[in-house]
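> Below: one structure in structure tokens.
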Amino acid sequence: MRYLCLIYEDEKWWEKATPADMEKGMADYTAFTDSIKQKGNYIGGEALQPTKTATSVRVRNGKVSTTDGPYVETKEQLGGYYLIKANDLNEAVQVASRIPGAQHGTVEVRPVMEFEQP
Amino acid sequence: MLATLIRLLGDFDLAEEALQDAFAAAVEQWPIEGTPSNPRAWLISTGRFKAIDRLRRRRREVHEEIELPVETPEDPHDVVDDRLRLIFTCCHPSLNPDAQVGMTLREVCGLTTEQVAAAFLTTAPTLAQRIVRAKAKIRDARIPYEVPSRADLPERLATVLHVIYLVFNQGYLARPDLAVEAIRLGRLLVELLPEPEAIGLLALMLLHDARRATRTTPAGELIPLEEQDRTKWNRAQIKEGVELVEQVFAARRVGPYQLQGAIAAVHAEAPSSDKTDWSEIVGLYDVLLRIDPSPVIELNRAAAIAMRDGPEHGLALIDMILTRGDLLHYSLAHAARADLLRRLGRKADATAAYRRTLELSVEEPARLFIERRLRELA
Chain A
1 MRYLCLIYED EKWWEKATPA DMEKGMADYT AFTDSIKQKG NYIGGEALQP
51 TKTATSVRVR NGKVSTTDGP YVETKEQLGG YYLIKANDLN EAVQVASRIP
101 GAQHGTVEVR PVMEFEQP
Chain B
1001 MLATLIRLLG DFDLAEEALQ DAFAAAVEQW PIEGTPSNPR AWLISTGRFK
1051 AIDRLRRRRR EVHEEIELPV ETPEDPHDVV DDRLRLIFTC CHPSLNPDAQ
1101 VGMTLREVCG LTTEQVAAAF LTTAPTLAQR IVRAKAKIRD ARIPYEVPSR
1151 ADLPERLATV LHVIYLVFNQ GYLARPDLAV EAIRLGRLLV ELLPEPEAIG
1201 LLALMLLHDA RRATRTTPAG ELIPLEEQDR TKWNRAQIKE GVELVEQVFA
1251 ARRVGPYQLQ GAIAAVHAEA PSSDKTDWSE IVGLYDVLLR IDPSPVIELN
1301 RAAAIAMRDG PEHGLALIDM ILTRGDLLHY SLAHAARADL LRRLGRKADA
1351 TAAYRRTLEL SVEEPARLFI ERRLRELA
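Residue numbers (our numbering), protein chains in the order written: chain A, 1 to 118; chain B, 1001 to 1378.
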């Protein structure tokens, strides 16, 4: 079964981080990614640029409207994700709990909706 | 049996329907063909076949492929494990807390949704909806039907114990049937998984429940511990609770429930409030505060200090907690403060503190008791 792990962190943390903190943060993520690749849980994952680069797009009555920034203001923002393979939710939670961002932010674990092949 | 069918079929609702079908079949067949030599195995195997029939019928209706559960022979060890699996699945921390309690009481204890809803002051449709959502989450997010691994056990067991203690506390004053149900659950858990904290919780519940008959007057007014008729405490239950505490302390893996059980044991064995070993109780609260710090535990420790060293010492500690901004809306903090002021002879302050208590939410027995105190102070 596939699960998407959405990593919500206070992006200001990265803004305020010293070069040493930054390097440590990157190293932690690299180590984590390598470990889940080895265990066969990894399908994909990316880090995202901060929310100030985000654009919200909506289509209403056929008209496209684009607005600056994220849809709602929150204390933690979506900063990246992993798409993983796991036997069940317990295994998925175990993987998610080792994502470095879980130490100070929140990781939301969502099972992927599987559609039958036609 | 339900627990086993859930494992075999991997679906709560299907298992419930299957068990009903199996019982219906038994009512028809047993009087004619005689009771089978192993009724339990017969019911499970019949239930499994009935479930497969239901799945086949559903498949024909929707023209879809449905995976049929594979045949698994029944292993007697699995029966014990199945009940444990069921408890851990119902109390999975990723489920809504109300649904955890509701599902445990329904699936493990066999209470109806209506009974659970009445006990927790909610409506049956609301609770039923939470349970439906929880069951859907178990299926869709694939919450496994298993006893957690050693590494996950402490955290997962904590959720199970919390659910059981919640059921017990809900029954403590108003619903003795729920307290009995919680103790039954506690016993089952200890039988299946004799972890120190599970034993500690069972001891704690047995010791508290042993005082049930003496906690309120016939008119429903709360009787404080020091005024309870100790000859009416349930001695057999106290003996069992105390033995459990002694046994579990020997294992030297102390936790919060064991410590609270030990405190309850000291109270239960004391011939009167005056002759209670308050130093021992303060010492146990000291350890409890170290491993599980909380303002409520601090409050209880303050009350024990008041008994050991005098009301003014306890009062200073309670005032410190309140000044810090903790427990300001916790009625028991104000009730404890009022009691100490009363003991110190500060009638006006005590009256004000009791009045403040009544402004907060208090259970009916406590309200009647405080009103009596206010009359005495007037």
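Each residue gets a CB set at the ideal place from its N, CA and C atoms; glycine is no exception. All figures in this text were calculated on a predicted structure; none of them were measured in a lab.
So which residues of chain A does P1144(B) contact, with C-beta pairs closer than 9 angstroms?
For this step, residue 1144(B) is matched to residue 144 along the second sequence. Within 9 angstroms of the CB of P1144(B), the CB atoms of chain A belong to N87, D88, L89, N90, E91, in sequence order along the chain.
> Starting from A47(A), trace the beta strand (DSSP E) both ways and give me its first and last residue.
On the first sequence, position 47 is the one that residue 47(A) refers to. That run of the beta strand (DSSP E) goes 42 to 47.
> Run through DSSP, which three-state label would S1331(B) get?
If you number the second sequence from 1, residue 1331(B) lands on position 331. Helix, per DSSP.
> Output, in sequence order along the chain, the residues in the region 1128 to 1141 of chain B whose CB is closer than 7 angstroms to any CB in chain A.
D1140, A1141
> So with Cβ pairs under 8 angstroms, would you call S1331(B) a contact of chain A?
Locating residue 1331(B) in the second sequence gives position 331, counting from the first residue. No - not a single Cβ of chain A is within 8 angstroms of the one on S1331(B).
> Which runs of the alpha helix (DSSP H) at least 4 residues long sit entirely within the region 9 to 41 of chain A? Give them in chain order.
Fully enclosed alpha helix (DSSP H) runs of 4 or longer: 11 to 16, 19 to 39.
> Using only alpha-carbon positions, find the residue among A92(A), V59(A), T53(A), T66(A) that is nearest to G79(A).
As a working note, residue 79(A) is residue 79 in the first sequence. Considering only alpha carbons, the answer is T53(A).
> Using C-beta distances below 7 angstroms, list every residue in its chain close to D1229(B), excluding the 5 sequence neighbours before and after it, in chain order.
Taking the first residue of the second sequence as 1, we reach residue 1229(B) at position 229. Here the set comprises T1214.
> Return the residue from the list D1309(B), L1344(B), A1366(B) that minimises the CA-CA distance to A1335(B).
Here residue 1335(B) refers to the residue found at position 335 when the second sequence is read from its first residue. The option with the nearest alpha carbon to A1335(B) is A1366(B).
> Taking only three categories from DSSP, how would you classify D1339(B)?
By 1-based counting over the second sequence, the position of residue 1339(B) is 339. In the structure shown, D1339(B) sits in a helix (DSSP, three-state: H, G or I).
> Going by CA-CA distance only, name the one from P1093(B), L1360(B), M1307(B), L1327(B) that's closest to L1344(B).
Here residue 1344(B) is taken as the residue at index 344 of the second sequence, counted from 1. The shortest C-alpha separation from L1344(B) is found at M1307(B).
> With DSSP as the reference, label P111(A) as helix, strand or coil.
As a position in the first sequence, residue 111(A) is number 111, starting the count at 1. P111(A) falls in the strand class under three-state DSSP.
> Any residues in the region 1087 to 1119 of chain B with a beta carbon nearer than 7 angstroms to a beta carbon of chain A? Which ones, in chain order?
S1094
> If you compare alpha carbons, which of L1377(B), M1320(B), L1259(B), C1091(B) is closest to R1290(B)?
Within the second sequence, residue 1290(B) is the residue found at index 290, counting from 1. Out of L1377(B), M1320(B), L1259(B), C1091(B), L1259(B) has the C-alpha closest to the C-alpha of R1290(B).
> Skipping 5 residues on each side, what residues in its chain have a beta carbon closer than 6 angstroms to that of D1098(B)?
The residue labelled residue 1098(B) in the question sits at position 98 within the second sequence. Hits under 6 angstroms: R1130.
> For the 8 angstroms Cβ check, are there 3 or more pairs between the region 1161 to 1169 of chain B and the region 1143 to 1151 of chain B?
no
> Under the rule that 16 or more other beta-carbon atoms within 10 Å means buried, what is L1005(B), buried or exposed?
Residue mapping note: residue 1005(B) aligns to position 5 of the second sequence, counting from 1. Buried.
> Give me the residue from D1274(B), A1158(B), A1333(B), R1212(B) with the minimum Cα distance to L1201(B).
Start at 1 with the first residue of the second sequence, and residue 1201(B) comes out as number 201. The option with the nearest alpha carbon to L1201(B) is A1158(B).
> In terms of DSSP beta bridges, what is K85(A) paired with?
Here residue 85(A) refers to the residue found at position 85 of the first sequence. In DSSP, K85(A) forms a bridge with R2(A).
> Would you give the residue range spanned by the alpha helix (DSSP H) that K1137(B) belongs to?
If you number the second sequence from 1, residue 1137(B) lands on position 137. Start and end: 1124 to 1140.
> Does the beta-carbon of T30(A) have 16 or more other beta-carbons within 10 angstroms, so that it is buried, or is it exposed?
For the purposes of this step, residue 30(A) is taken as the residue at position 30 of the first sequence. Exposed: under 16 other Cβ atoms inside 10 Å.
> Which of the three DSSP states is assigned to T1113(B) in this structure?
Taking the second sequence and counting its residues from 1, the one referred to as residue 1113(B) is at position 113. It is helical.
> Less than 8 angstroms between the CB atoms is what I'm expecting for A1264(B) and L1299(B), so what's the real figure, rounded?
Against the second sequence, residue 1264(B) aligns to sequence position 264. Against the second sequence, residue 1299(B) aligns to sequence position 299. Not really, about 16 angstroms apart at Cβ, beyond 8 angstroms.
> Pick out whichever of I1138(B), L1111(B), L1178(B), W1233(B) has its Cα sitting closest to the Cα of D88(A).
The sequence position of residue 88(A) within the first sequence is 88, counting from 1. Closest option to D88(A), Cα to Cα, is I1138(B).
> So K52(A) is in the alpha helix (DSSP H); what residue range does that whole segment cover?
Within the first sequence, the letter at position 52 stands for residue 52(A). Run containing K52(A): none; DSSP gives neither H nor E here.
> Given that a residue counts as buried once 16 or more other Cβ atoms are within 10 Å of its Cβ, and exposed if not, what is P100(A)?
Here residue 100(A) corresponds to residue number 100 of the first sequence, with the count starting at 1. Residue burial is scored here from C-beta neighbours: P100(A) has at least 16 other C-beta atoms within 10 angstroms and is therefore classed as buried.
> Under 8 angstroms between the Cβ atoms of A1022(B) and L1002(B)?
In the second sequence, counting from the first residue as 1, residue 1022(B) sits at position 22. In the second sequence, counting from the first residue as 1, residue 1002(B) sits at position 2. It is not a contact, given that the beta carbons lie outside the stated cut-off.
> On the CB-based measure, 16 or more other CB atoms within 10 Å of its CB, does V107(A) come out buried or exposed?
Position 107 of the first sequence holds residue 107(A). By the neighbour-count criterion, in which a residue is buried when 16 or more other Cβ atoms sit within 10 angstroms of its Cβ, V107(A) is buried.
> Please determine, among E1364(B), T1122(B), Q1100(B), A1198(B), the residue with the shortest C-alpha to C-alpha distance to S1331(B).
Along the second sequence, read from residue 1 onward, the residue named residue 1331(B) stands at position 331. Per the Cα distances, E1364(B).
> Here's the rule: buried if 16 or more other CB atoms are within 10 angstroms of the residue's CB, otherwise exposed. What is P1256(B)?
Position 256 of the second sequence, counted from the start, is the residue given in the question as residue 1256(B). Here P1256(B) is buried, its C-beta having at least 16 other C-beta atoms within 10 Å.
> Residues in its own chain within less than 6 angstroms of L1340(B) by CB, not counting five upstream and five downstream?
Counted from its first residue, the second sequence places residue 1340(B) at position 340. Once the five neighbours on either side are set aside, the close Cβ partners of L1340(B) are A1306, P1311, G1314, L1315.
> Just reading off the beta strand (DSSP E) that S65(A) is part of, what are its end residues?
Residue mapping note: residue 65(A) aligns to position 65 of the first sequence, counting from 1. Where S65(A) is concerned, the enclosing beta strand (DSSP E) stretches over 63 to 68.
> When Cβ atoms are compared, which residues of the region 96 to 112 of chain A fall closer than 9 angstroms to chain B?
Look at the region 96 to 112 of chain A: the residues with a C-beta under 9 angstroms from a C-beta of chain B are V109, R110, P111.
> For a minimum of 4 consecutive residues, which ranges assigned as the alpha helix (DSSP H) are wholly contained in the region 1166 to 1203 of chain B?
Every unbroken stretch of the alpha helix (DSSP H) spanning 4 or more residues and falling wholly within the region 1166 to 1203 of chain B is given here in chain order: 1176 to 1192.
> From the DSSP secondary-structure annotation, give me the bridge partner or partners of V1147(B).
Locating residue 1147(B) in the second sequence gives position 147, counting from the first residue. V1147(B) is not bridged to any residue.
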